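Enquirer: Okay, handing you the structure first.
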Amino acid sequence: MTRPSDTDHSPAHILVVDDTPANRYVLATTLRRAGHQVTEAEDGTRALDLLRGPGPLPEIAIVDVRLPDMTGFEVCEHIKNDPATAAVPVINISAAAITVDDRAQGLYRGADAYLVEPVAPDELLATVTATLRYTRARRRAELLAERLHLLNRLTLALYSAADARELVKVTAEAAAVIFRCSVAALLTTPQGSPLVAHTWQDEDGTARADAPQVHSTAAWPQRRDPSGRAQPPGTDLP
799 MTRPSDTDHS PAHILVVDDT PANRYVLATT LRRAGHQVTE AEDGTRALDL
849 LRGPGPLPEI AIVDVRLPDM TGFEVCEHIK NDPATAAVPV INISAAAITV
899 DDRAQGLYRG ADAYLVEPVA PDELLATVTA TLRYTRARRR AELLAERLHL
949 LNRLTLALYS AADARELVKV TAEAAAVIFR CSVAALLTTP QGSPLVAHTW
999 QDEDGTARAD APQVHSTAAW PQRRDPSGRA QPPGTDLP
């Protein structure tokens, strides 16, 4: 999942799909002047190839209804039916399909908004801003729900740690996953001698553990409270 931008008004990456070079130029120029990054496609096939490619997804796709290889409605359906791109909002735009039935069909088939050309720059930019506002709010909510799920899972793992070594390992994983950074956790004896170190990497959202560094084979018996839970390191000092 992509991360939300700092604000709902910050620039976005926008895909513009139109087979008419003049129309594509006008749309792209208006968006770029407003600070947005624009990727252009001349037909539906090229647009879908870009969306399925290795690069980051655009935050919005502006799709002309009349394209040479498929309709903009079909492009929208392909986008919405693919789990990898379903969250990308689509704005249909057309100078020919401008009836109420056309606009209703576009919205029924998955479009998030529908514009009729010629469209004033202010209307285009306002529609883009409104679309970004609700899609970014949705992504913030999804990210929060994901983080809460991770927090609950990792908290349970912390309380379920069988001994101090496992507690240190789980602590490093939890910090790396929640904060998406590199983390190192060191377990020491009560006298301060290192026993084992665990490091986790999660800078790109994919947690992975490095091999633990064992500094000593000395055992450190882990005490438990009356409920059976492992006590944190240091709480079993005499």
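Residue numbers (this note's numbering): 799 to 1036.
Think of the CB as a built atom: it goes at the ideal place given N, C-alpha and C, for glycine as much as any other residue.
Keep in mind the model is a prediction, meaning the values are calculated, not measured.
Are Lys878 and Val863 closer than 9 Å when you measure CB to CB?
Expert: As a first step, residue 878 must be located in the sequence shown, where it is residue number 80. As a first step, residue 863 must be located in the sequence shown, where it is residue number 65. Their beta carbons are not under 9 Å apart, which means Lys878 does not touch Val863 by this criterion.
Enquirer: Between the segment 893-910 and the segment 960-969, are three or more C-beta pairs nearer than 8 Å?
Expert: Cβ pair count under 8 Å is below three, so no.
Enquirer: Terminal residues of the continuous beta strand (DSSP E) containing His811?
Expert: Your numbering for residue 811 matches position 13 in the sequence shown. Where His811 is concerned, the enclosing beta strand (DSSP E) stretches over 811-815.
Enquirer: Would you mind stating whether Val861 and Ala909 have Cβ atoms separated by less than 9 Å?
Expert: Along the sequence shown, one-based indexing puts residue 861 at 63. Along the sequence shown, one-based indexing puts residue 909 at 111. Cβ distance < 9 Å, so Val861 and Ala909 count as in contact.
Enquirer: Using a Cβ-Cβ cut-off of 8 Å (strictly less than) and excluding sequence neighbours within five positions of His834, which residues of its own chain qualify?
Expert: Here residue 834 is taken as the residue at index 36 of the sequence shown, counted from 1. If we look at His834 and ignore the five residues flanking it on each side, its Cβ neighbours are Pro809, Ala810, His811, Ile812, Val926.
Enquirer: Could you give the distance in angstroms between the alpha-carbon of Leu930 and the alpha-carbon of Ala885?
Expert: If you number the sequence shown from 1, residue 930 lands on position 132. If you number the sequence shown from 1, residue 885 lands on position 87. Their backbone Cα atoms lie some 12 Å apart in a straight line.
Enquirer: Taking the runs of the alpha helix (DSSP H) that are 4 residues or longer, which of them lie wholly in the segment 881-965?
Expert: Counting whole runs of 4 or more residues, the segment 881-965 contains the alpha helix (DSSP H) stretches 898-906, 919-957.
Enquirer: The beta strand (DSSP E) that contains Leu849, what's its start and end?
Expert: Taking the first residue of the sequence shown as 1, we reach residue 849 at position 51. Unbroken run through Leu849 is the alpha helix (DSSP H), 842-850; no beta strand (DSSP E).
Enquirer: For Leu984, report the span of its beta strand (DSSP E) as first-last.
Expert: Position 186 of the sequence shown holds residue 984. From DSSP, the beta strand (DSSP E) with Leu984 extends over 981-986.
Enquirer: Thinking Ala962 and Leu985 are a contact (beta carbons under 8 Å), I'd like their distance in whole angstroms, please.
Expert: Locating residue 962 in the sequence shown gives position 164, counting from the first residue. Locating residue 985 in the sequence shown gives position 187, counting from the first residue. Contact flag correct, Cβ pair sits at about 6 Å.
Enquirer: Measuring alpha carbon to alpha carbon, tell me which residue in Ile891, Leu956, Ala960 is nearest Ala973.
Expert: Counting from one through the sequence shown, the residue named residue 973 turns up at place 175. Closest by alpha carbon: Leu956.
Enquirer: Smallest Cα separation from Thr818: which of Tyr906, Glu840, Arg978, Ala983?
Expert: Locating residue 818 in the sequence shown gives position 20, where the first residue counts as 1. The residue with the shortest Cα to Cα distance from Thr818 is Glu840.
Enquirer: Taking the alpha-carbon positions, what's the Ser958 to Arg938 distance?
Expert: As a first step, residue 958 is located in the sequence shown; it is residue number 160 there, counting from the start. As a first step, residue 938 is located in the sequence shown; it is residue number 140 there, counting from the start. Distance between the alpha carbons of Ser958 and Arg938: 30 Å.
Enquirer: So, are the CB atoms of Val815 and Glu838 less than 9 Å apart?
Expert: Counting from 1 along the sequence shown, the entry for residue 815 is found at position 17. Counting from 1 along the sequence shown, the entry for residue 838 is found at position 40. Yes.
Enquirer: Are the Cβ atoms of Ala882 and Arg850 separated by less than 9 Å?
Expert: Position 84 of the sequence shown, counted from the first residue, corresponds to residue 882. Position 52 of the sequence shown, counted from the first residue, corresponds to residue 850. Against a cut-off of 9 Å, the Cβ pair of Arg850 and Ala882 comes out as a contact.
Enquirer: Note down the Cα distance separating Val824 from Glu964, rounded to an integer number of angstroms.
Expert: To locate residue 824, count along the sequence shown from 1; it is residue 26. To locate residue 964, count along the sequence shown from 1; it is residue 166. Cα to Cα, the separation comes out at about 60 Å.
Enquirer: So if DSSP puts Val836 in a beta bridge, which residue, or which two residues, is it bridged to?
Expert: Translated into positions along the sequence shown, residue 836 becomes position 38. Note: Val836 sits in a beta bridge opposite Ile812.
Enquirer: Under a Cβ-count criterion, where at least 16 other Cβ atoms within 10 Å of its own Cβ denotes burial, should Tyr912 be classed as buried or exposed?
Expert: Within the sequence shown, numbered from 1, the residue matching residue 912 stands at position 114. The residue in question, Tyr912, is buried, as its Cβ has 16 or more Cβ neighbours within 10 Å.
Enquirer: Taking the straight line between their C-alpha atoms, what separation do you get for Ser1014 and Ala960?
Expert: The residue labelled residue 1014 in the question sits at position 216 within the sequence shown. The residue labelled residue 960 in the question sits at position 162 within the sequence shown. Low local confidence applies: a pLDDT of 44 at Ser1014 is under 50, so the model's placement there is unreliable, and no value is given.
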